[in-house]
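Presented below is the structure to which this report refers.
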Amino acid sequence: MPMSIVVGAQWGDEGKGRFVDWLAQDCEIVARFSGGDNAGHTIALGDEVYKMHLIPSGILNPGTVAVMGNGMVINPVSMLSEMERLRSQGVEISPENLIVSDRAHIITPAHIALDKLKEYQRGDESIGTTLKGIGPAYLDKVGRSGLRVSMMTDVEEFAEDLTEKLAQANAILEAASQPLIDVEVAVAEYVDAAQQLRPYIQDTVAYFAGRLHEGARVVCEGAQGSLLDVDFGSYPFVTSSNPTAGGAITGLGVGPTHVSQVLGVAKAFNTRVGGGPMPTELDGELGDRLRGTGEQFWDEFGTTTGRKRRCGWLDAVILRYSAAINGFTHLALTKLDILSGFEELKIAVAYEIDGQRVEYPPSTNTDLAKAVPIYETMPGWQEDVSGARTPDDLPQAAKDYIQRISELCDVPVLAVGVGPERSQVVAF
Ligand code: GDP
Ligand code: IMO
Ligand code: MG
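In structure tokens:
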């Protein structure tokens with residue numbers, strides 16, 4: 002059975018991109034199934050660092066086809082500029098190795114303007130979205146008034162439909178005394194993008210059916226994280242899609258019977274960007290130490306927005322929950338190298354909420370905000386682990402830490418990242 006689904010087990014930015022790239026080396030197809038350019042996936046290959054927002058990470062592997070599935074929301078202008086940027090880094094992109102689903106939805110400047118307006122109107126309660134128009138685009142999709150990628154193949158009709166959408170958004174913006182969209186400029190830019198992207202558009206359902214029949218191996222590249230899922234995340238501080246394993250099935254149009262592996266990627270500590278509760282968050286020196294100063298590309302500053310990520314101890318309650326909702330067959334941990342030098346490390350093994358011990362996060366945000374982590378303390382290690390390539394190269398304390406995480410969520414660890422570069426992986 003040929004499909005591996007890679008999903009984030011925390012609040013996004015776990016290092017999914019680098020593990021998708023790792024698995025993609027043995028696969029024919031890498032497919033994104035949800036979200037849009039709110040994602041930022043970093044892959045370090047030799048001296049080159051690639052930052053992917055829309056284009057699946059598999060594009061970096063010659064011979065791998067990258068598919069953008071029907072569950073995505075795609076800004077065609079951002080897509081083109083990302084293609085340009087990757088080409089300038091030497092990546093070859095053509096309709097031979099990049100396919101966009103004709104059923105995916107389009108993010109328009111109306112969605113971006115409305116995302117900004119909504120966040121502004123939320124004031125202190127703002128979600129801290131990436132302002133890429135994600136929420137409004139999914140709202141139009143489920144409201145049955147969105148524009149699909151297939152519409153870009155008839156540019157005249159596309160221009161008409163887009164003009165109408167932008168005029169509707171301008172009426173809302175005007176009523177809220179916000180700057181208006183320049184409809185003529187935006188439509189010209191989108192029509193140009195539509196013409197350039199046309200050769201990449203396909204019915205990906207038919208494509209998958211054929212390739213799976215031939216036995217092609219597929220990596221499904223999750224974006225965001227399980228705790229940002231619109232159903233299972235800390236609602237309303239979530240994204241507007243299902244970045245969990247179920248989303249891969251609906252977001253690509255393949256059956257669950259093809260799936261052989263669900264890999265949960267988790268950072269060896271915890272981070273979150275944007276609003277909402279994070280029980281193990283550390284303010285002060287320890288949090289700053291986990292975050293890094295921002296001098297290194299792997300420090301905890303957003304790939305898409307540059308925002309400081311909130312950092313804290315590893316939360317096994319969250320991981321246990323992610324394992325349950327996704328059905329993880331394996332875990333991959335990243336950034337073990339960042340934990341070198343800590344005297345001791347803490348893991349939240351349960352929460353106390355209103356005097357009760359709980360093993361899973363509560364369904365409401367209000368209760369999650371009350372959660373007090375119950376910590377287990379483990380000895381740290383002082384050695385630099387970035388050169389480790391086999392489990393035997395790791396200090397015993399690091400192996401114990403990995404083993405304890407695996408026990409706490411009852412999922413075996415497949416591999417651990419000890420640095421951002423493709424080769425810096427310890428496989429178990
Ligand atoms: P994604 O959105 O889940 O793909 O993750 P991001 O790319 O947004 O953030 C993860 C960051 O950690 C990136 O800068 C990666 O280069 C970096 N990274 C991934 N794995 C490791 C690791 O094992 N060690 C270190 N130091 N950095 C890592
Ligand atoms: P990757 O794929 C981390 C967060 C935003 C905000 C919330 C809603 O790189 O892991 P949205 O723009 O989606 O409406 O924002 O979700 N968010 C992410 N946080 N990594 C991401 O993607 C994220 N994509 C969205 O910060 O809190
Ligand atoms: Mg990211």
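The sequence shown begins at 2 in this note's numbering and counts up one residue at a time.
Where is the CB? At the ideal position from N, CA and C, for every residue including glycine.
Assuming residue i contacts residue j under a Cβ cut-off of 8 Å, what Cβ separation, rounded to an integer in Å, is found between them?
i, j, result
"residue 13", "residue 74", "About 16 Å separates the two Cβ atoms, so there is no contact after all."
"residue 366", "residue 312", "The pair is not a contact, with the Cβ atoms about 20 Å apart (cut-off 8 Å)."
"residue 27", "residue 423", "Incorrect: roughly 13 Å between the Cβ atoms, too far for contact."
"residue 20", "residue 417", "With 8 Å as the limit, residue 20 and residue 417 do not qualify as a contact, their Cβ atoms being about 10 Å apart."
"residue 39", "residue 133", "5 Å"
"residue 58", "residue 31", "6 Å"
"residue 198", "residue 101", "7 Å"
"residue 372", "residue 257", "Not a contact, Cβ separation roughly 32 Å."
"residue 205", "residue 188", "That belief does not hold up - the Cβ atoms of residue 205 and residue 188 are roughly 27 Å apart, past 8 Å."
"residue 318", "residue 361", "7 Å"
"residue 320", "residue 406", "7 Å"
"residue 224", "residue 35", "6 Å"
"residue 186", "residue 213", "Not really, about 42 Å apart at Cβ, beyond 8 Å."
"residue 233", "residue 276", "Between residue 276 and residue 233 the Cβ distance is about 17 Å, and since that is not below 8 Å, they are no contact."
"residue 63", "residue 200", "Not really, about 20 Å apart at Cβ, beyond 8 Å."
"residue 192", "residue 159", "7 Å"
"residue 135", "residue 235", "Going by Cβ atoms, the distance from residue 135 to residue 235 rounds to 17 Å, so no, they are not a contact pair."
"residue 246", "residue 328", "6 Å"
"residue 383", "residue 342", "6 Å"
For a quick check, are the C-beta atoms of residue i and residue j less than 9 Å apart?
i, j, result
"residue 228", "residue 269", "no"
"residue 179", "residue 111", "no"
"residue 150", "residue 202", "yes"
"residue 89", "residue 54", "no"
"residue 299", "residue 293", "yes"
"residue 333", "residue 414", "yes"
"residue 94", "residue 60", "yes"
"residue 76", "residue 44", "no"
"residue 349", "residue 374", "yes"
"residue 71", "residue 252", "yes"
"residue 427", "residue 390", "yes"
"residue 175", "residue 181", "yes"
"residue 218", "residue 363", "no"
"residue 10", "residue 69", "no"
"residue 347", "residue 378", "yes"
"residue 137", "residue 115", "yes"
"residue 355", "residue 419", "no"
"residue 287", "residue 194", "no"
"residue 17", "residue 222", "yes"
"residue 226", "residue 8", "yes"
From which residue to which residue does the alpha helix (DSSP H) around residue i run?
i, result
"residue 117", "110-123"
"residue 215", "Note, residue 215: premise wrong, no alpha helix (DSSP H); not H, not E."
"residue 188", "184-198"
"residue 6", "Per DSSP, residue 6 belongs to no alpha helix (DSSP H); it is in the beta strand (DSSP E), 4-9."
"residue 164", "156-176"
"residue 288", "286-292"
"residue 143", "135-143"
"residue 22", "17-25"
"residue 402", "397-410"
"residue 251", "246-253"
Between which two residues does the beta strand (DSSP E) carrying residue i extend?
i, result
"residue 351", "345-354"
"residue 265", "260-268"
"residue 357", "357-359"
"residue 376", "373-380"
"residue 84", "First-last for residue 84: 77-89, but that is the alpha helix (DSSP H), not the beta strand (DSSP E)."
"residue 336", "Counting along the chain, residue 336 falls outside any beta strand (DSSP E), and DSSP gives it neither H nor E."
Which residues share a DSSP beta bridge with residue i?
i, result
"residue 62", "According to DSSP, which records beta bridges pairwise, residue 62 is partnered with nothing at all."
"residue 149", "106"
"residue 271", "313"
"residue 387", "According to DSSP, which records beta bridges pairwise, residue 387 is partnered with nothing at all."
"residue 221", "6, 32"
"residue 203", "102"
"residue 51", "44"
"residue 417", "334, 427"
"residue 68", "32, 100"
"residue 302", "309"
"residue 74", "106"
"residue 282", "313"
"residue 422", "45"
*Taking a cut-off of 5 Å, which residues have a beta-carbon closer than that to any heavy atom of the ligand IMO, in chain order?*
13, 14, 39, 40, 41, 129, 130, 131, 135, 136, 224, 225, 229, 240, 274, 275
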